[in-house]
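In our numbering, the protein residues as written are 17 to 264. Glycine included, C-beta positions come from ideal geometry on N, C-alpha and C. In this text, all values refer to a predicted model and were calculated from it rather than measured experimentally.
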Ligand SMILES: [Zn+2]
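Below, the structure written as structure tokens:
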């Protein structure tokens with residue numbers, strides 16, 4: 017199903033099955049975030065990227081992400097929120113869920129981990145913007161619990177895709193991480209390194225997600241600066257790439 021390296025030219029797009037589409041943009045698609053960029057240019061970049069994957073920009077919903085743990089259920093009237101500007105985006109939210117077809121829920125990242133969830137049984141999806149702060153607030157666990165409440169999803173059925181993010185090869189952290197993430201922080205060459213992906217996988221597995229249902233693209237945004245934007249590697253860049261999941 018996944019042939020990442022071969023596909024990584026303009027954008028990356030795959031289907032779990034005939035009901036669910038997952039995509040993420042690349043550096044070559046342009047920046048997908050509004051702050052610090054020309055609005056019309058961002059709209060055009062978003063439209064071109066999504067259209068190539070069979071999604072209309074009007075079908076997109078984005079949130080104003082704040083590294084918190086609020087999760088919002090999206091329904092048809094929300095379509096288009098945050099797609100054309102930041103002002104209409106779902107406020108102060110880092111995870112979106114829906115069971116409605118043709119609503120493309122998206123997150124913007126540069127180093128944080130984008131996680132997409134798909135339940136083929138109840139036909140429901142979720143997407144998470146997981147930075148270390150949200151991870152500490154258990155956003156991944158909370159999103160699955162919310163899908164259980166709202167859609168009766170069984171974690172054993174969930175298909176999970178872990179997108180490009182800053183990996184432990186490049187994620188150097190301060191000493192406080194030894195206390196807040198003792199199991200995912202390691203020492204190498206006298207420096208501390210954090211495994212953001214492992215911290216989220218541990219939340220997935222502890223809620224009952226099967227290991228064989230977790231697909232990790234294994235791409236590091238810092239190692240692969242040619243393909244992605246990296247906040248760490250490039251300093252305070254305003255560029256972000258977009259990850260999207262949609263029920264067909
Ligand atoms: Zn790396």
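The three-state secondary structure of residue 134, taken from DSSP, is strand.
In summary, residue 108 is exposed, with fewer than 16 beta-carbon neighbours lying within 10 Å of its beta-carbon over all protein chains present. Unbroken beta strand (DSSP E) stretches of 3 residues or longer found wholly inside the segment 47-105: 87-89, given in chain order. Closest by C-alpha distance to residue 194, out of 156, 232, 210 and 179, is 210. Around residue 102, the same chain offers 50 as residues with beta carbons nearer than 6 Å, after the five sequence neighbours per side are excluded. Fewer than three beta-carbon pairs drawn from the segment 86-93 and the segment 56-66 are found closer than 8 Å, and the two stretches are therefore not classed as touching.
Secondary structure within the segment 185-253: the alpha helix (DSSP H) runs of 4 or more consecutive residues, fully enclosed, are 192-196, 212-222 and 247-250 (chain order).
Rounded to the nearest whole angstrom, the C-alpha separation of residue 212 and residue 53 is 28 Å. By the C-beta criterion, the segment 132-149 is judged not to be in contact with the segment 242-249, since fewer than 3 inter-stretch pairs fall below 8 Å.
Taking a cut-off of 8 Å on C-beta distances, the segment 117-126 does not touch the segment 186-201, as fewer than three cross pairs fall below it.
Distances taken from the Cβ of residue 238 to the heavy atoms of ligand 1 include one shorter than 7 Å. Residue 233 has its Cβ no nearer than 7 Å to any heavy atom of ligand 1. Apart from the 5 residues on each side of it in sequence, residue 201 sits with its Cβ closer than 6 Å to the Cβ of 193, 194, 208 and 210 in its chain, given in chain order. For residue 146, the closest alpha carbon among the candidates 179, 233 and 45 is that of 179.
Pairing residue 78 with residue 119, the inter-Cα distance amounts to about 11 Å.
Residue burial is scored here from C-beta neighbours: residue 198 has fewer than 16 other C-beta atoms within 10 angstroms and is therefore classed as exposed.
In the DSSP annotation of this structure, the continuous segment of the beta strand (DSSP E) that includes residue 259 starts and ends at 257-263. The Cβ atoms of residue 113 and residue 130 do not sit closer than 8 Å to each other.
Restricting attention to 231, 73, 128 and 117, the CA atom closest to the CA of residue 96 is found in 73.
The criterion of a C-beta distance shorter than 8 Å is satisfied by residue 36 and residue 261. Taking 8 Å as the upper bound for CB-CB distance, residue 259 and residue 40 are in contact here, some 4 Å apart. Judged by DSSP secondary structure, residue 157 falls within the alpha helix (DSSP H) whose first and last residues are 155-167.
Assignment of residue 31 by DSSP, reduced to helix, strand and coil, places it in the strand class. Secondary structure at residue 108: coil, using DSSP grouped into helix, strand and coil. For residue 150, the enclosing alpha helix (DSSP H) covers residues 148-152. Beta-bridge partners of residue 44 (DSSP): none assigned.
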